[in-house]
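Line order of the protein sequences matches chains A and B. Our numbering puts the first residue of the first sequence at 77, with every later residue one more than the last. Our numbering puts the first residue of the second sequence at 77, with every later residue one more than the last. Beta carbons are placed, not taken as given, at the ideal position from N, Cα and C, and that holds for glycine. Nothing here was measured: the structure is a model prediction, and the numbers come from that model. What follows is a short report on a single structure.
2 protein chains.
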Amino acid sequence: MIPRGFSFSAANADIDGTSSPKNDIGLLYCNTKASLCGVFTRNRVKAAPVLIGMDLVKRGVVRAVLANSGNANACTGEAGLDDAKRLMAAVASRLKIDADEVIPLSTGVIGVRLPVDKMLSKLDTLARGLGDNVDTFARSMMTTDTFPKIASRKVGQACILGVAKGSGMIAPDMATTLAIVITDAIMERGDLERTIKDAVRTTFNAITVDGDTSTNDTLIALSSNMLHAELEGVEKAIFEVIQELSMMVVKDGEGASKVVRINVSGCDTDEEARKVGKTVGNSLLVKTALYGSDPNWGRIMAAIGYSGVDIDTGSVSIHISGHPVVERGVEAGGYKEEDVRSALEGKDIHIDISVGSGSGSFTIWTTDLTHKYVDINAEYRS
Amino acid sequence: MIPRGFSFSAANADIDGTSSPKNDIGLLYCNTKASLCGVFTRNRVKAAPVLIGMDLVKRGVVRAVLANSGNANACTGEAGLDDAKRLMAAVASRLKIDADEVIPLSTGVIGVRLPVDKMLSKLDTLARGLGDNVDTFARSMMTTDTFPKIASRKVGQACILGVAKGSGMIAPDMATTLAIVITDAIMERGDLERTIKDAVRTTFNAITVDGDTSTNDTLIALSSNMLHAELEGVEKAIFEVIQELSMMVVKDGEGASKVVRINVSGCDTDEEARKVGKTVGNSLLVKTALYGSDPNWGRIMAAIGYSGVDIDTGSVSIHISGHPVVERGVEAGGYKEEDVRSALEGKDIHIDISVGSGSGSFTIWTTDLTHKYVDINAEYRS
Chain A
77 MIPRGFSFSA ANADIDGTSS PKNDIGLLYC NTKASLCGVF TRNRVKAAPV
127 LIGMDLVKRG VVRAVLANSG NANACTGEAG LDDAKRLMAA VASRLKIDAD
177 EVIPLSTGVI GVRLPVDKML SKLDTLARGL GDNVDTFARS MMTTDTFPKI
227 ASRKVGQACI LGVAKGSGMI APDMATTLAI VITDAIMERG DLERTIKDAV
277 RTTFNAITVD GDTSTNDTLI ALSSNMLHAE LEGVEKAIFE VIQELSMMVV
327 KDGEGASKVV RINVSGCDTD EEARKVGKTV GNSLLVKTAL YGSDPNWGRI
377 MAAIGYSGVD IDTGSVSIHI SGHPVVERGV EAGGYKEEDV RSALEGKDIH
427 IDISVGSGSG SFTIWTTDLT HKYVDINAEY RS
Chain B
77 MIPRGFSFSA ANADIDGTSS PKNDIGLLYC NTKASLCGVF TRNRVKAAPV
127 LIGMDLVKRG VVRAVLANSG NANACTGEAG LDDAKRLMAA VASRLKIDAD
177 EVIPLSTGVI GVRLPVDKML SKLDTLARGL GDNVDTFARS MMTTDTFPKI
227 ASRKVGQACI LGVAKGSGMI APDMATTLAI VITDAIMERG DLERTIKDAV
277 RTTFNAITVD GDTSTNDTLI ALSSNMLHAE LEGVEKAIFE VIQELSMMVV
327 KDGEGASKVV RINVSGCDTD EEARKVGKTV GNSLLVKTAL YGSDPNWGRI
377 MAAIGYSGVD IDTGSVSIHI SGHPVVERGV EAGGYKEEDV RSALEGKDIH
427 IDISVGSGSG SFTIWTTDLT HKYVDINAEY RS
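Written out as structure tokens, the structure is:
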């Protein structure tokens, strides 16, 4: 199910120099001028493709996306910008479009120049290979990801398709990780932009794997504007696609063995609830207790307490996967520790935190912190 | 070398119920009214002994410290306050002093009531055992600590002695972990207070192991005011004792295999430099790269970028243990990756970050993040 007007291809340019057989360069092409929106990392250190993408989004029109893994083209200065522009010009010339109709997306190691010549040598393969193989394209963006992330919805005849990559350097309070949403539904660019900004707030910006915000986070949305479809339905479908992709990113969090939904309610504002949820979701002590299936609610209380939100300790209640463990700031009566331990041994954990009687609430998704996380990040240059 | 007027003892009350042979309750006694100052956790969730200690510090006079490990007496509500007060009254009656001349310090698991009767049954042993064995006392406060933390200085005839515990739930931006500094030097309470507050800012508040701020952090300072000593020298000695203790806490960070000093300079203010250093020092990706001896400076750049401080990327330079790896925001020329890798294989790493031409600077101490950290915290209820 591919939105009309779009096609994909992928190739292996050995970008990281390890001679891995994995594809690491991908091309997405639109046979008409697509409208373009995007949200980008709030990290002050912005990769070259992020700086370029932010400019292109102002223009609002795009024909192609050149994505690569194995190299983030970040902290590469002016030379990095020139490298990206050389690639954009070559893609444009190959596809007979304008250079500023090509948006680059990069992910991988920081601080190393792109092997531009290797990448240029694959452009013919990419242009010739354009077709409907979105899976191959999604895989070409993967780094430590263990599965490709693809989601789609139909609204009448129109279609919304999203692909994403992300596994480490995942934290809320950012624009997002690498993600592309495409549709053939006709919609105003303003509507598209509002829809993705709204969606990102409670999806990609509400997930955390390691608390590290990347230099390259980007979510772009493209519409080929080919089919009439009911706007509200399309907006809802775009939201659902983005939400599904963000859940896939958490699920594939580096080394993660569990996905943990943390719902915080009773705050004065949603922003305060977000802050509490983020603090609990990033706490190493909470994340390791979750890994060990230890119902150690004291670590959750401690994290709530240092979240920076002005909380009345005596009003805090905590449920772990439905079991009340804290009531009015102290241990709840009548739950069995063994029941909570069993619940924590599952793959999907829910932590519900209520901190007062306000109407502010927010939901954060996080993972446990495992030995494998340390393996991946101590022994692998990513 | 014990300051005059003070004595110590310790006993085993099996506070955590594991029948471990380790001492877990300690008594410090002063044979005269000692002046008392203290700084306490900024966590909103404050343990019962913290709430009581904050009150006692206002009074400013103390005769005894009752410290225990194995139980934090945190999130125990009114009952927890009553438990602590029962113990204070019993200690006071045993030592023939006032109940509000006894300050309680607790560390261990959160959310469990203190086994008061078990503890009361050891008070005779503690009172009879009072002597100069500060090592035994320091060990009775240990939880996941692997060694007791004791530091001392002489100033003329006067003496400054400090003991601390701390290994996990260690983060800057707090008052401190459990620490006691005692002296026999005569000094105004205002001078003592100013000295410990100044010292904590750049010592205990500048260390991080896991980014988690405890509910029980406390540093208290007691003076028996028995000997005249030169004030400036005493203040310097108190600073050095506190600094030495804080370095021991980092060194003994849970699972840590390396101590990492992060110096940040060139910011507009010291506070901004602290924020940058803290963000780098808490980054899981930086900490795992340090564990793996991987000179992956891109992760340091990314953390600088999301620290929330308004930084000009192009002005950033980074040295790792003396080797320049980043200059003006991009990879520095002329260093050998193998040299940096070798340096990172040591136990003491220095990271020097310069982010501009301002005069604000700060030094943070952190640890690497190891498999053992995950072992300790996934498999041990602390």
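Between the C-alpha atoms of Asn-292 of chain A and Leu-181 of chain A there is a straight-line separation of about 8 Å.
Counting only the Cα atoms, Asn-209 of chain B lies some 11 Å from Ser-216 of chain B.
In the three-state scheme derived from DSSP, where H, G and I count as helix and E and B as strand, Met-377 of chain A is classed as helix. Legend: CB atoms of the region 356-373 of chain B lying less than 9 Å from CB atoms of chain A belong to residues Asn-358, Ser-359, Leu-360, Leu-361, Val-362, Lys-363, Thr-364, Ala-365, Leu-366, Tyr-367, Gly-368, Ser-369, Asp-370, Asn-372 and Trp-373. For Val-450 of chain A, there is no enclosing beta strand (DSSP E); the residue is part of the alpha helix (DSSP H) that begins and ends at 447-455. Closest option to Ala-87 of chain A, judged by alpha-carbon separation, among A:Gly-102, A:Leu-321, A:Val-115 and A:Ser-359: A:Gly-102. The criterion of a C-beta distance shorter than 8 Å is satisfied by Gly-114 of chain A and Thr-294 of chain A. With 16 or more other Cβ atoms from the protein chains shown falling within 10 Å of its own Cβ, Pro-79 of chain A counts as buried. Secondary structure note for Met-302 of chain A: its beta strand (DSSP E) is the uninterrupted segment 294-303. Runs of the alpha helix (DSSP H) lying entirely within the region 183-267 of chain A, each at least 4 residues long, are 192-196, 199-205 and 210-216 in chain order. Contact check for Thr-446 of chain B against Gly-331 of chain B passes: the beta carbons are separated by less than 8 Å. At least one CB atom of chain A sits nearer than 8 Å to the CB of Asn-453 of chain B. A distance below 8 Å separates the beta carbons of Met-324 of chain B and Ala-240 of chain B.
The continuous alpha helix (DSSP H) containing Asp-158 of chain A extends over residues 153-171. Within the region 333-416 of chain A, the runs of beta strand (DSSP E) that reach at least 3 residues and sit entirely inside it are, in chain order, 335-343, 393-396 and 399-403. Just so you know, the alpha carbons of Leu-268 of chain A and Val-401 of chain A end up roughly 43 Å apart. Non-local beta-carbon contacts of Gly-146 of chain B in its own chain, meaning distances under 6 Å to residues more than five positions away in sequence, involve Ile-91, Asp-92, Asp-100 and Gly-184 in chain order. Put simply, the region 434-445 of chain A does not touch the region 401-418 of chain A. Fewer than three CB pairs are less than 8 Å apart. In the DSSP assignment, Phe-438 of chain A falls within the unbroken beta strand (DSSP E) covering 436-443. Burial check for Glu-264 of chain A: the Cβ neighbour count within 10 Å stays below 16, so the residue is exposed. In the structure shown, Ser-430 of chain A falls within a strand segment according to DSSP collapsed to helix, strand and coil.
Within 8 Å of the CB of Met-377 of chain B, the CB atoms of chain A belong to Val-121, Ala-150, Cys-151, Ile-186, Gly-187 and Thr-291, in sequence order along the chain. Check the Cα spacing between Asp-386 of chain A and each of A:Lys-351, A:Asp-370, A:Ser-397 and A:Met-130: the tightest is with A:Lys-351.
The bridge partners DSSP lists for Val-141 of chain A are A:Leu-104 and A:Ile-179. Sequence-distant partners of Thr-345 of chain B (beyond 5 residues in either direction) whose C-beta falls short of 8 Å from its own C-beta, in its chain, are Gly-434 and Gly-436.
In the same chain as Asp-328 of chain A, and ignoring 5 residues on each side of it, the C-beta atoms closer than 8 Å to its own belong to Asp-221, Thr-222, Phe-223, Lys-225, Gly-242 and Ser-243, in chain order. Comparing alpha-carbon positions, the option among A:Ser-111, A:Asp-424 and A:Ser-95 lying closest to Phe-82 of chain A turns out to be A:Ser-111.
Scanning chain A for C-beta atoms nearer than 7 Å to the C-beta of Val-416 of chain B yields nothing, as the closest lies near 13 Å away.
Any Cβ of chain B closer than 8 Å to the Cβ of Val-276 of chain A would place that residue at the interface, and such an atom is absent.
Boundaries of the beta strand (DSSP E) harbouring Ser-85 of chain A: 82-87, taken from the DSSP string. The region 402-410 of chain A makes contact with the region 136-152 of chain B: 3 or more CB pairs, one atom from each, lie closer than 8 Å.
DSSP, reduced to helix, strand and coil, places Gly-114 of chain A within a strand of the structure shown. For Arg-337 of chain A, the closest C-alpha among the options A:Val-167, A:Val-188 and A:Phe-438 is that of A:Phe-438. In the three-state scheme derived from DSSP, where H, G and I count as helix and E and B as strand, Ile-425 of chain A is classed as strand. Using a 10 angstroms sphere on the CB of Ala-89 of chain A, the tally of other CB atoms reaches 16 or more, which defines it as buried.
For Ile-380 of chain B, the chain A residues whose C-beta falls within less than 7 Å of its own C-beta are Val-121, listed in chain order.
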